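Just below is one structure, and these are the notes that go with it.
There are 4 protein chains.
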Amino acid sequence: MIRFECDYAEGAHPAVMEMLQQTNLEQTPGYGEDVWCERARSLIREACCAPEADVHFVVGGTQANLIVVAALLKPYEGVISASTGHIEVHETGAVEATGHKVLAVPEKEGKISAEQVEEVLKGYEKSPTPDHVVKPGMVYISHPTEYGTLYTLKELEELSGVCRKYGVPLFLDGARLAYALAAEGNDIQLPDLARLCDVFYIGGTKTGCLFGEAVVIPDPANGKGFRMMMKQRGGMLAKGRLLGVQFFAMFRDGLYREIGSHADGEAMRIKKALKEKRISLYYESTTNQQFFVLTEAQYAKLSGRYSLSDNGPVEGGRLVRACTSWATKTEDVDSFVADIKEL
Amino acid sequence: MIRFECDYAEGAHPAVMEMLQQTNLEQTPGYGEDVWCERARSLIREACCAPEADVHFVVGGTQANLIVVAALLKPYEGVISASTGHIEVHETGAVEATGHKVLAVPEKEGKISAEQVEEVLKGYEKSPTPDHVVKPGMVYISHPTEYGTLYTLKELEELSGVCRKYGVPLFLDGARLAYALAAEGNDIQLPDLARLCDVFYIGGTKTGCLFGEAVVIPDPANGKGFRMMMKQRGGMLAKGRLLGVQFFAMFRDGLYREIGSHADGEAMRIKKALKEKRISLYYESTTNQQFFVLTEAQYAKLSGRYSLSDNGPVEGGRLVRACTSWATKTEDVDSFVADIKEL
Amino acid sequence: MIRFECDYAEGAHPAVMEMLQQTNLEQTPGYGEDVWCERARSLIREACCAPEADVHFVVGGTQANLIVVAALLKPYEGVISASTGHIEVHETGAVEATGHKVLAVPEKEGKISAEQVEEVLKGYEKSPTPDHVVKPGMVYISHPTEYGTLYTLKELEELSGVCRKYGVPLFLDGARLAYALAAEGNDIQLPDLARLCDVFYIGGTKTGCLFGEAVVIPDPANGKGFRMMMKQRGGMLAKGRLLGVQFFAMFRDGLYREIGSHADGEAMRIKKALKEKRISLYYESTTNQQFFVLTEAQYAKLSGRYSLSDNGPVEGGRLVRACTSWATKTEDVDSFVADIKEL
Amino acid sequence: MIRFECDYAEGAHPAVMEMLQQTNLEQTPGYGEDVWCERARSLIREACCAPEADVHFVVGGTQANLIVVAALLKPYEGVISASTGHIEVHETGAVEATGHKVLAVPEKEGKISAEQVEEVLKGYEKSPTPDHVVKPGMVYISHPTEYGTLYTLKELEELSGVCRKYGVPLFLDGARLAYALAAEGNDIQLPDLARLCDVFYIGGTKTGCLFGEAVVIPDPANGKGFRMMMKQRGGMLAKGRLLGVQFFAMFRDGLYREIGSHADGEAMRIKKALKEKRISLYYESTTNQQFFVLTEAQYAKLSGRYSLSDNGPVEGGRLVRACTSWATKTEDVDSFVADIKEL
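Below, the structure written as C-alpha cells:
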C-alpha cells in the first residue's frame, strides 16, 4: 500500500533526523531555553524580517491553535473562522474547551474574505444587544487552507486591513505553510505574514519535522504571558531543544522551502494526470493537497493500491484527497500517475 | 410609551407579589431547602405527573441553560441547537464558556426536526474521524421557540424518539412555556414534557414571576450533583424560598395557565389586526410573540407611541416583534389595534 | 424555633418590599438599563465619592465573585485569598470553574496582611520557574471577614499599597458590608473602599435586600466588558430594575447604614451576655456574626429553641455562630440573652 | 559544565534513537492507530499483567495530568494531592484551567497517607454544606514523589483501599517511574500499579525517551472518550507512531528497567559520597533525585563545575538537587564524587 492519505505518514526528513542524532547527547536546559531554540528563533526572525518577533515552539497544531486563541481573547470574545476551518471542524471542540466560541462564516474554496469579516465586525458594532452576543475578537485563517487553496497577497492585505481597522488580531494557521511558500502562483512570503498577521505559525509536523510548530508573534507586546499559557495547556516540551533542533534544520539552509517545492511538484504531476483523464478537481489547488471526484469504480480500483483520504459521497462519485509531502517518492507518483491514466 | 418590546418589562403578577409580601418575615433555611420550595416542587411534580422528578429553581434562563448543559455533557460533547436557539445567539457564549460547543443546525420557523437531529447523530457515528470532532451529546429545543412557534406533540415525540435511540438527553427550554401551554392548537402539556424530555424548565421570569425558572429532571438519576453545579455557577439563591414562593403562587391554583391565556389572547387580537391590515406576519405564531413586517413609515408611526422590538431590515421593510405578557393591559392592546388599523 | 443561624433567613426589609410593590407595574427596559438602576448607581457613586465608578448589579455573592475574578484575571493568573475566604471554601470551586486557581494563604482572625501578600507577589517575581507556577494576579479579601472581624483602615491602606506596587487589583467582598460600616471601631467607609480597592461589592442579600450585590469598579477602565461577562455567566437579571429598586431603597436615605446599626447593636447584646457568662468568644467580632464555644450541654439546651450555625467540635466544646440581621427582633434577642444567662 | 540539574538534559537513549531512525520512512496511519503503538500497548499490557487495559500515549506529563483529571472528574469535583504535588505547584494551574480545584493536603517526604485521604473524603461526606464545597473526586500521587521518595506497597494498598471504599479513582503520576521500579527497597511493580490504581502513567520524557508518557487505564470502562479528550486538549500527536516506537524500544527487552538501574546506581554513589562527607540529606531517597543541603561556600564551589537545581535557602545553607538519568556518565559521577570529597 502506498500512502497518499496525509502528509504525516512518515517520520522526519533525513536531515532533521541527522541533526537530532548529532545533538542527542548534548546537555541543554529544558523548556525551550536552550541554544538550539535560540538559534532556530534567530533564523526564523531573519526569514520573516521580524527582528523583534517572539517565536515559541509547540508540539502540534491543535495545541498551537488553542493556546493562541486562549492567550489573545478576552473571556467574552470568539474567533471568526471559515466554516471549514480546522478549529471549527477537526479539533474536538478544542477552542470551546478554552471557553471561546468559534464564529463560523461560509467559505469559498476554503477561504474567507475581508468583506465577510467586516460584515461580522460591523454587525457586532451595530448589534442592538451587544452584551448578549459573543464579541468577535480574532480572525483565524489557514494558508494553505484545508482544501489546499491559497490566499493572494491582496486578499491577505485586505483581511489584515479590516482586522486592524477594527482592532482584532489576525491569526494565520500555517500547518502546511511550506507547501504554500513554494507553490506556483503564491505571492505571500514569510515577511508578508510578519507584516500582515498578528500571530501565525510555521508548521513542522506536516512539513518534514517529527512534530512541532513555530508560533511567531511579530510584535512581542502581543505575546505577554505566552510561555505561561503554553505550560498551562501542556504545550511546553521538557526537551524543548528537540523543537529548536528541528526548526534549525529547516531554516538553516533552505530545507523548508525545498520540502515545499518537492511536495508541490509531485502534487502537480498528480493534478496533471487527473486533468488529462478529465477527472474533476474539486478545488483549484497548487499545493500538496489535491481533491478530486472519483466514480465508485475508479475509487475501488485505486484504493486497492493507494491509501487515499475518503471525504464521502459528492455529486458524480466520491470526493477523494491525495497528499504529497517531503517524503513522497517520485516512483510512487509515477505509478500513481500511470494507474490514473489506466482508469 | 406603551411597551410591547418584551415580556419582562414589569415586575411580578400581583398574586406573586402578594405571596412574597405575606411570607416576607417568615424565617426559613436558605438555598432552596425551605418549605416553600418543597411545596412548589410538589405542585410541579403533580402538574407534570412526574412524582419522582428532581425540581431545582434557578434565577434566570441563561443560568438554567448553562448549568444544565455543563451538568449533562461530557467535556468532549456538544449540544445540538437550532441556529436561532437562545444558547447559540443570545447568551454571549455562555455554553462555550462552560467548555462546550453548540452544534447549530438550520431551523424552520425556529424549530428543528427529528430528521435533522438524527442526521447529526448518525453523521457522528459514521464519521471517519470521530475522535477529531465534537460528539453530539444533547439536543436543545425551545417551546415556544424564539419566534413564538410551537412544536406539535408528534414532532416532540419524534425528537424524543431519536434522542433515546441514540442515548442523548433532550433538553427543552421553556422560558415562555406558559404561553405555549395556553396557546390555541398547542397539544403538548406538562406531563408530555416530563415523559418526552430528559430535562426541561418551566419559565418564570417571562411569565409573571419577578425571576426564576424551575428546572425539571423527570428521572432523578440524571440530576446527580445538580445542586453542586448550581452553587458553582452562581445559580443557587441564598433566599431560595423566593423562588419556591413564586412557583407556589404560579401552580397552586392555575395562575400559570391563566397568565398564558391572557397574554396569548391579547396577542391574538394584535395578530388579527395585523392580518386585517394585510401586514405580513413573519412567523405563524399562536403565542405571545408576534413578528411582522412594517414599512419604515408604519414603523415610524407606531414606534412613536409603542416600544417594539426592532429586528432589523428585511424584504418589504423592517422586522418587528410585539410581545404581550401577564401584564399586558387590554386597553393598551385596544389602542394598539386601533393604531394598526389607521396605518 | 428562632433562627440566628444566618442573616438571610427572611425576605427583604419592609422598605424594600414597599418600593418593589410600588414600582411593580412600571414598564422599564430590561437588563439593568432602566431608570431605577441608574438612580441606584448615582446614589452609590455619591456614597462612595466615586463619580466615575462603574456600578453593576448581580444577583448573588458567588456570582459577583466568579464574574469579577474571570473578568480581571488573565488565564494563567490566580487570586490570593485567605485560606478561609469564601471563594476558597464555600463556593464549590466556582473560581476554579472559571479556570483560575485560588492561592490560599493562612489567615489570622479571617484576615490576611500586606506582608503576606507581598511575600506571595515577591515570591513569584523571584521564582526560578515563573512560567511553571500560577501568577498571582489579584488579591481577594472580605470586610467583614467570614468571622465577622474587620480590617482597619491602616491594614487596608497597606494591602492597597502592596497591590498597587505590584500592579495587581485588590478586590473586596462586601457581602456583609453594612455590618462593617456600622460597627463600633470600624474606621473604613465607602469612599475609602473606592479609593483603595480596584473592585468591591456592596452586599444586599445578607443586609436586607431580597437578593443582589452592587459591584463597584471605581476606575471604569477596569470594567471593560463587564456586562458581557455578567451575561455570559448568567449574572444579568432580565428584570434588572429589581436590583436598582432595592439598592435605591437602601441608599436613598440611609437605610443601608440603619440596617447595619440595628444588626450590630443586637449582636453586641448577645456578645455581652456571652462574655458575662464567660462563654469563650472564638473571634473578636464587633459585627453581626458572633462565634463562641458552647459545651455540648449548653448547645443542646440552646439549640432546642434557637437555630444556630454549628461549626463543629473545637477545644472546649462546639464552635457555634449566631447571626443577627436587619430582621432580628429585639424580643428574640431578649429571650436569647435570658437563656444564655440561665445556662 | 556537567549537568545534574534535571533528568531531561539530553535527547533519547541511543536504542530509542536507533529505532526512530530505523522506522523513519515507514508509512503508518496517524494519531496512535499504527502498528508501533499497538505493539507498544501489547508490551505494556503484558508488563502490567493487565490484558484489558487501555493504553494511551501523550507527549508530556502536564498533558497527561490535565487530560486524566479533566476526563475523570465531574465539573464540581476536585483532586486530592500532596501540597507538593506537581499538579499543585508546577503546572501553572493546568488543572484549574480545566475547571477543577486541587485539594492540597500536607505531605510527609512528598507522600500522603490513606488516613489523610480518608479524612478528606469522610470530611466531605459529613460536611453540613456538601453542596457548597468541592467534592473530592480523585486522588493524585506520584511515585517516585517530587522528592524522589517512594510509597511502599503497603501504603499504596491502603491508599487504594480507601479510594475504592469511597468510590474515587486513584491516579498515579509515574513521570519518573523507571527510577522507582529499579530502586533498592522498592516493592511496587507494574502489576501492582495496574491492580491498585485506576489510572497511572509510565513516564518516558524523564526516563530515556525524547518525550512521551504512557497512560494506563487498567479497566477500559474508565477510559471512555479518552481519545477525544486527548485530541481536544492538544495531546494527540499526529505522528503517534513516534510514541509507539519509543515505548516499544523501552519495553521490548527490559530497557526501561535497565535505565532505572543505571540512574539509581549512579545516584547512590552520589548519596554515599554526601553521607561520607556528612552533608545533610534532605529526603531519604533511593531513586535518581538526591536533595541535600550545602553551605554557600560548598555550593559556590560545586556550581562552578556542575549545574545543580537550586531550591533556595534552608536551615544550614541551600537546598540543592542532583539528578541522574539514563544518560549520566560514570566518569561525570566519579568527578562529582571526588569533588564532594574535597569540599
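Chains as they are written, first to last, in my numbering: chain A, 1 to 343; chain B, 1001 to 1343; chain C, 2001 to 2343; chain D, 3001 to 3343.
Beta carbons: idealized from backbone N, C-alpha and C, even for Gly.
The model shown is predicted, which means the values in this text are computed figures rather than measured ones.
Taking the Cβ atoms as the reference, Y1008/B lies roughly 5 Å from A2238/C, within the contact range of under 8 Å. As the crow flies, the alpha-carbon of A2047/C is around 37 Å from that of V2134/C. Interface annotation, E91/A: in contact with chain D, CB-CB separation under 8 Å. Taking CB atoms only, P128/A has a neighbour in chain B less than 8 Å away. Counting C-beta pairs closer than 8 Å gives fewer than three between the region 2049-2062 of chain C and the region 1021-1029 of chain B, which falls short of the contact rule. Counting along the chain, G60/A sits inside no beta strand (DSSP E), nor does DSSP assign it H or E at all. Chain order gives the chain B residues near Y2008/C as G1030, A1238, K1239, where near means a beta carbon separation below 8 Å. Judged by DSSP in its simplified three-state form, A3047/D adopts helix. R1227/B is classed as buried because its beta carbon has at least 16 other beta carbons within 10 Å across all chains shown. The count of Cβ pairs closer than 8 Å, one atom from the region 137-148 of chain A and one from the region 162-175 of chain A, reaches three, so the stretches are in contact. Exposure of A1338/B is indicated by the presence of fewer than 16 other C-beta atoms within 10 angstroms of its C-beta. In the DSSP assignment, Y3306/D forms a beta bridge with I3002/D. The Cβ of P2075/C sits closer than 8 Å to at least one Cβ of chain A. Around the Cβ of A221/A, a 10 Å sphere holds fewer than 16 other Cβ atoms; the residue is exposed. Contacts with chain C (Cβ-Cβ distance below 9 Å) from the region 55-67 of chain A involve no residue at all. One finds T92, G93, E96 in chain A with Cβ atoms closer than 8 Å to the Cβ of V1134/B, taken in chain order. Taking 8 Å as the cut-off, the Cβ atoms of P3169/D and D3192/D do not count as close.
Secondary structure of G3265/D (DSSP, three-state): helix. By the C-beta density criterion, G93/A is buried, having at least 16 other C-beta atoms within 10 angstroms.
In this structure, T1330/B and E1266/B form a Cβ contact; the two beta carbons are roughly 7 Å apart against a cut-off of 8 Å. Residue pairing from DSSP places E2077/C in a beta bridge opposite K2135/C. Relative to E3342/D, the option among R3041/D, A3273/D, A3178/D, H3132/D whose CA is nearest is A3273/D.
In the structure shown, the three-state DSSP call for S2142/C is strand.
Sequence-distant Cβ neighbours of V215/A in its own chain, meaning closer than 6 Å and more than five residues away, are H56, A64, Y201. Judged by pairs of C-beta atoms under 8 Å, the region 236-253 of chain A does not touch the region 71-87 of chain A, as fewer than three such pairs exist. In this structure, S113/A is the residue among R45/A, I80/A, S113/A with its C-alpha nearest to the C-alpha of L159/A. For D2310/C, the chain D residues whose Cβ falls inside 8 Å of its Cβ are P3128, in order along the chain.
For the set L3025/D, G3254/D, G3317/D, the Cα lying nearest the Cα of L3281/D is the one of G3317/D. When C-alpha distances from F171/A are compared across E38/A, R3/A, G78/A, the shortest belongs to G78/A. By the neighbour-count criterion, in which 16 or more other beta carbons inside 10 Å mark a residue as buried, S127/A falls on the exposed side.
Among the residues of chain C, those whose CB is under 7 Å from the CB of K231/A are D2131, H2132, following chain order. If one requires a minimum length of 3 residues, no beta strand (DSSP E) run lies completely within the region 2242-2287 of chain C.
Going by beta carbons, T3295/D and L3150/D fall outside the 8 Å limit. Cβ-Cβ separation between L2210/C and A2012/C: approximately 4 Å, consistent with a contact (criterion under 8 Å). Taking 9 Å as the upper bound on Cβ-Cβ separation, chain C lies near no residue of the region 175-187 of chain A. Sorting Q289/A, V105/A, Y76/A by C-alpha distance to the C-alpha of A322/A places Q289/A at the top.
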